[in-house]
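Going letter by letter, the sequence shown gives residues -20 to -1, 1 to 553 in mature numbering (1 follows the signal peptide of the UniProt record, and there is no 0).
Think of the CB as a built atom: it goes at the ideal place given N, C-alpha and C, for glycine as much as any other residue.
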Amino acid sequence: MSMAQFRSLLWSLNIPRVSASPCMDPSIAAALRPRLSNELQAHLWHCYSQLKRSHAAGVAELSAADFYVLRQILLRHADATSARWVLAVVRDMKKCGHRPDVVVERDTMNAHRALEDYHGVLAIFDRLLVEYGAALPVSIWNLALLAHLRLGHYDEADRFIECMAEHGRLPDMQTYNRLMHRYAKLGNLARVRALLERARSMKLELTDYTYATYIHASVNAVDLRGATRIFYNYLCHMRRKRLPANPVPFGALLQGLIRQQWYLAADKLWATTRLYRMRYSVKLYNIRLTGLVAMGDMHRAEALFAVMRGMGDTGTDAITYLEMIRGYTRYGQREKARDLLLSTEVWRLTVRERTVHPGFSHLIAAIIDAGDEAMLKELHVAMRSLPSDIMPDTATLNTLCARQRRPIDLTEARAILDRFRRMHATPTVATYGVLLTRLLQSGHPLDAVALYETDWKQARLTPNQHIYSSLFHAAYLLRDGALAYTLWQSLQASCQKPNWIVVSAALRVFAAIGDSTTCLRIYRTYRQQEGVPPSATVVETLLKGLVRDGAFAEAIAVWEELMHYYPKSNALS
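Below you can see the structure in the form of structure tokens.
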């Protein structure tokens, strides 16, 4: 690919994001905002890598604007892979002589945030604060504040907000709400009140979620009268603005009353909903449904359920059906629970919602937990006879398979795979991961290896980290060094960066067979690939293996290298 072709591709993908108005309908805003598929993003990175290798001047001809567009496109999906690409692009940009400005540093911080490297975010912020001082943009401050919250440094975040105010910077209200929400979950009502007063003193615009968080804190502190007073203050606030009330604060108060079993107060509150001009909210109606089920008032629950169904496709969601099925199951109406679970309507909802969160699996898992083996068998029978247009997806079937408790062997595992194919659901990597887990839990590591050697290889799928960790566990149980060596070589050839679970599983195998040399090589490879200190679990597994093998000098060397990372680890000491 020539430089001109790459530039043409790059700028053709540079569709600016649409900044949605707060009053715009969320579905319209989502439709206006451009989407970039992961495949197209990966294709752009492939072209960039190809350009670096094949073009004589590498990427030195790219301008600062080209690099900026490339970073923005790669950050469109902020996952770990795209974050690593962004960091590589920043390194290339610096090599080409482009001095990084605040925008580049912000993108670098966002990449570290996507990698969950919040210490890296704070290190960049500390450097920028020295370099730019009061000129540092508020977006950089808010990223650092978010990093403190993610690391659990809540007192530090509190002080950081004071530091922002001293520099004339106001925190992002969404991040500020997150800090309030943390103290609300802890039931620290005094701290939430102090944060709210500070927000008012800083002239921050209080949002619906700020009030909802304050109500949540009062509920957790069992101050329900205070929560009610806050809610009515919120209503007065919205009337002054001549805006309709948001269902979120109302839902927070209603949920609090239900959790504290103040059912009469919840009934009285619900009776006032039509006075507040609130738009219909499935979440809010689900909370009311939960309260009715908790009271055991299935007659009114069924009436509300009928109203929600009458709202059309958007009137119900997975939780609606889950609550009704739980209610029927809890109060002995198992026939109604079974009929609702196996109804065509539930499976049409499955198909509709899998575009939102794949597979509808969490609902099915919870339903199975509330049911019994007989119900599970009926569910399988019903799914086999479903029309092809509402056939449950593979993720749902994977969850059904994972939730079954009975032991299986290789024959049963292959029967499950055949059942998937009969239902026109192609077994995925996750399917094999579930089967390997169940075989190992059933005490059949040989069967797990046999499934991998035959069915898995015939399917020609690419193993993920879960598959590797399961197989390393099988090798450990069998003390099969040959399998462990083959798996590690396959992992290296796949160019995947193993996570700490896989590395720990591999170390445990080689430590068990007494191969301290391979243990150290894996550890060094892992350190080299990740560029961060390994987890305490990995280090503990490695040290145990080295000590068991008598390699005391190597164990001491590793410990001295890493002890400053784990000063308080009793297990390692």
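Note on geometry: alpha-carbon atoms of Ala114 and Gly148 lie some 8 Å from one another. Counting only runs of 4 or more residues that sit fully inside the stretch 185 to 268, the alpha helix (DSSP H) segments are 188 to 200, 204 to 221, 227 to 239 and 243 to 250, in chain order. In the pairwise beta carbon analysis, the stretch 468 to 485 is classified as touching the stretch 441 to 452: at least three pairs are separated by under 8 Å. Of the other Cβ atoms in all chains shown, fewer than 16 fall within 10 Å of the Cβ of Glu177; this residue is therefore exposed.
Between Ala164 and Asn122, the C-beta gap is not smaller than 9 Å, which leaves the two residues out of contact. DSSP places Pro425 inside the alpha helix (DSSP H), whose first and last residues are Pro425 to Leu431. Glu96 sits in coil when the DSSP states are folded into three classes, being neither helix nor strand.
Distance from Leu415 to Ala393 at the Cβ level is roughly 5 Å; contact confirmed, criterion being Cβ atoms closer than 8 Å. Excluding its 5 nearest sequence neighbours in each direction, Ala145 has C-beta neighbours in its own chain below 8 Å: Met182, listed in chain order.
When the beta-carbon positions are compared, Val262 and Gly295 come within less than 9 Å of each other. Pairing Ala439 with Arg401, the inter-Cα distance amounts to about 12 Å. As the crow flies, the alpha-carbon of Ser(-13) is around 16 Å from that of Ala44. Distance between Ala298 and Glu282, taken at the CA atoms: about 16 Å. Taking Leu166 as reference, the option from Thr193, Leu150 and Cys499 with the minimal CA-CA separation is Thr193. When rounded, the separation of the alpha-carbon atoms in Thr442 and Asp59 is 20 Å. Under the criterion of beta carbons closer than 8 Å, Leu54 and Thr88 do not qualify as touching, at roughly 12 Å. Taking a C-beta distance under 9 Å as the contact criterion, Leu108 and Leu95 do not qualify as a contact pair.
Put simply, of Asp135, Met153 and Leu390 the residue whose alpha carbon is nearest the alpha carbon of Asn168 is Asp135. An exposed status is given to Asn213, since fewer than 16 other beta-carbon atoms sit within 10 Å of its beta-carbon. For Asn122, the enclosing alpha helix (DSSP H) starts and ends at Val118 to Arg130.
When DSSP states are grouped into helix, strand and coil, Asn157 belongs to the helix group. In the DSSP assignment, Ser450 falls within the alpha helix (DSSP H) that extends over Gln445 to Leu458. Taking 9 Å as the cut-off, the Cβ atoms of Ala492 and Tyr456 count as close.
By the criterion of a C-beta distance shorter than 7 Å, Leu397 is surrounded in its chain by Pro407 and Asp435, once the five residues flanking it on both sides are discounted.
The C-alpha of Tyr48 is placed about 14 Å away from the C-alpha of Phe(-15). By the C-beta density criterion, Val84 is buried, having at least 16 other C-beta atoms within 10 angstroms.
Between Gly307 and Met288, the beta carbon gap of about 14 Å keeps them out of contact (Cβ cut-off 8 Å). For Ile493, the three-state secondary structure derived from DSSP is coil. Counting of Cβ neighbours within 10 angstroms places Leu244 among the exposed residues, the total staying below 16.
Note that the C-beta distance between Asp460 and Cys499 is not below 9 Å.
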